[in-house]
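Trainee:
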Amino acid sequence: MAGSLIVSLYIFVLAIFVGFEVITKVPPLLHTPLMSGSNAISGITIVGSLISAGTGHTGASAILGLVAVIFATINVVGGYLVTDRMLGMFKKEKK
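Next comes the structure, spelled out in structure tokens:
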């Protein structure tokens, strides 16, 4: 059990470093499409949290699942609002 935790933490830290290196190499022009794609992928967290809430074997797990659904929804909606705002900066003004 402890060995599995160590391996999981190692993979998590490695993913952090790889993600940081990849993101810092992306040109600023591509940040908006990259954010849009990551927002679409983060919609998977809503599916996972719905599954977690639906299979609540106890009251506490159902409540934690509900909290996960709420936070995942806030994350996705907020991400799309930020992306929309960033895309609005590139629109030409009408004369």
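Using my numbering, read the sequence shown as starting at 23 and increasing by one per residue.
Heads up, the beta-carbon is just placed ideally off N, CA and C, and yes, glycines get one too.
#1: The alpha helix (DSSP H) spanning E115 covers which residue range?
#2: Cβ of G87 within 8 angstroms of Cβ of G81?
#3: How do the stretch 92–99 and the stretch 59–68 stand: do at least 3 beta-carbon pairs fall below 8 angstroms, yes or no?
#4: Suppose the cutoff is 7 angstroms on Cβ atoms and the five residues either side in sequence are ignored; what does the same chain contact list for L72 look like?
#5: Measure the C-alpha to C-alpha separation of A62 and G41 and round it to an integer number of angstroms.
#6: Whole angstroms are fine: how far does the CA of G76 sit from the CA of V89?
Mentor: With the structure as the only source:
#1: What you label residue 115 is simply residue 93 of the sequence shown in a count that begins at 1. In this chain, E115 is not harboured by any alpha helix (DSSP H), its DSSP state being neither H nor E.
#2: Counted from its first residue, the sequence shown places residue 87 at position 65. Counted from its first residue, the sequence shown places residue 81 at position 59. Taking C-beta atoms as the reference points, G87 and G81 fail to come closer than 8 angstroms.
#3: Look at the beta carbons and you see the stretch 92–99 touching the stretch 59–68: at least three pairs across the two are nearer than 8 angstroms.
#4: Taking the sequence shown and counting its residues from 1, one reaches residue 72 at position 50. These residues qualify, in order along the chain: V91.
#5: Residue mapping note: residue 62 aligns to position 40 of the sequence shown, counting from 1. Residue mapping note: residue 41 aligns to position 19 of the sequence shown, counting from 1. Straight-line measurement puts the Cα of G41 at about 17 angstroms from the Cα of A62.
#6: As a first step, residue 89 is located in the sequence shown; it is residue number 67 there, counting from the start. As a first step, residue 76 is located in the sequence shown; it is residue number 54 there, counting from the start. Using only the alpha carbons, I get a separation of about 12 angstroms.
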